[in-house]
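A quick write-up on the structure given underneath.
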Amino acid sequence: MVALDVPDIEGAERLAGQVGGLVGALKVGSELFTACGPEGVRRIRATGARVFLDLKFHDIPHTVARAVRVATRLGVDFLTVHTSGGEPMMRSAVEAAREEAAALGRATPTILGVTVLTSMDAAQLRAVMGETEVAAQVERLARLAVAAGVPGLVCSPMELPLLRRVLPREVVLVTPGIRMGPPAAGDDQKRTLSPAEAMAAGADWIVVGRPIHAAPDPAAAARAIAESMGMAVERAGEGEASGR
Ligand code: C5P
Numbered sequence: 001m002v003a004l005d006v007p008d009i010e011g012a013e014r015l016a017g018q019v020g021g022l023v024g025a026l027k028v029g030s031e032l033f034t035a036c037g038p039e040g041v042r043r044i045r046a047t048g049a050r051v052f053l054d055l056k057f058h059d060i061p062h063t064v065a066r067a068v069r070v071a072t073r074l075g076v077d078f079l080t081v082h083t084s085g086g087e088p089m090m091r092s093a094v095e096a097a098r099e100e101a102a103a104l105g106r107a108t109p110t111i112l113g114v115t116v117l118t119s120m121d122a123a124q125l126r127a128v129m130g131e132t133e134v135a136a137q138v139e140r141l142a143r144l145a146v147a148a149g150v151p152g153l154v155c156s157p158m159e160l161p162l163l164r165r166v167l168p169r170e171v172v173l174v175t176p177g178i179r180m181g182p183p184a185a186g187d188d189q190k191r192t193l194s195p196a197e198a199m200a201a202g203a204d205w206i207v208v209g210r211p212i213h214a215a216p217d218p219a220a221a222a223r224a225i226a227e228s229m230g231m232a233v234e235r236a237g238e239g240e241a242s243g244r
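Under the numbering used here, the residue at position 27 of the sequence shown is numbered 27, and the numbers go up by one with no gaps.
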């Protein structure tokens, strides 16, 4: 999945055109959504891509459920809620997505629960949560999400082995925090792995932002990442790229 973390729809459509055929879904996050709103989501959907709406809902159950209904009407394929919003909030989100999709005769969007942000290290987590370890916190939130019926989770690649060990195999694991090498000085992502390492550790999907959208040639960067994971990728000008 490629994060369209750009401030306008023209940039997002350009990026979608460059990488859309190489990736499984395009992610609309806070920046693009704040700039372009639902029309931006419709325009990215119109490129033929699957859309991951990453607004990380975290509010009372009623409000989250209503936001999830609207997102479902927009036709997104994935959307995020914060697991720290608690079990009733997550349960409301899952039920709202299921009910709204059924009423519309569409596939239910996959709700993904965000555990601990991949930008947080142990010291930052302790500053917010008190005495707790990152792994323990991720495991607690992941188990809560699964108990609430949430079908997938967003986690750092570092926590993939742990979550694969303790959760049912059908739980969809999505990991940002992907870097081709160690994070550069000033990068906010702290707990990173390479694409191939993340897939080997049990990711179903990786989410890549800056290594693609900030690259001089985003399509070449996306192709290099796909190839580093052993995916067969056709060269530009040779037709559609294949695979997830
Ligand atoms: O640029 P970078 O590859 O760090 O982008 C990662 C993307 O994944 C960003 O859009 C960020 O909002 C998102 N994300 C994250 N950590 C989470 C959930 C989402 O980095 N826990």
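Beta carbons: idealized from backbone N, C-alpha and C, even for Gly.
Distances from the CA of Val207 to each of Glu10, Gly29, Ala12, Gly11 were compared; the closest alpha carbon is that of Gly29. The beta carbon of Arg73 lies closer than 8 Å to those of Glu100, Leu104 in the same chain, with the five residues before and after it left out. In this structure Val76 is buried. Its beta-carbon is surrounded by 16 or more other beta-carbon atoms within 10 angstroms. Sequence-distant partners of Phe57 (beyond 5 residues in either direction) whose C-beta falls short of 6 Å from its own C-beta, in its chain, are Val64, Ala67, Val81.
As the crow flies, the alpha-carbon of Ala148 is around 5 Å from that of Arg91. DSSP places Val146 within a helical segment (H, G or I) once states are collapsed to three.
When distances are taken from the beta-carbon of Thr118 to the heavy atoms of the ligand C5P, the shortest one is below 7 Å. The Cβ atoms of Ser228 and Pro176 do not sit closer than 8 Å to each other. If you ignore the 5 residues before and after Ile9, its C-beta comes within less than 8 Å of the C-beta of Leu32, Ala35, Cys36, Glu39, Gly40, Arg43, all in its own chain and listed in chain order. Membership of Thr63 in any beta strand (DSSP E) is not indicated; the residue belongs instead to the alpha helix (DSSP H) covering 61-74. For Ile212, the CB contacts under 6 Å within the same chain, skipping 5 residues up- and downstream, are Val2, Pro218, Ala221, Ala222 in chain order. If you draw a straight line from the Cα of Glu197 to the Cα of Gly17, it is about 27 Å long. Around the beta carbon of Ala232, fewer than 16 other beta carbons lie within 10 angstroms, which makes this residue exposed.
Assigned with DSSP and collapsed to three states, Thr115 falls in coil, not helix or strand. Shown here for Asp204: same chain residues with a beta carbon closer than 8 Å to its own, the five before and five after excluded, namely Gly152, Val172, Leu173, Val174 in chain order. Short of 6 Å from the beta carbon of Leu141, and not among the five residues preceding or following it, lie these beta carbons of its own chain, in chain order: Thr83, Thr115. DSSP places Gly85 in the helix class (H, G or I) of the three-state scheme. Scanning its chain for C-beta atoms nearer than 6 Å, with the 5 sequence neighbours on each side dropped, one finds around Arg98 the residues Thr108, in chain order.
When only Cα atoms are considered, Arg69 and Leu144 end up about 22 Å apart. DSSP, read as helix, strand or coil, puts Ala25 in coil.
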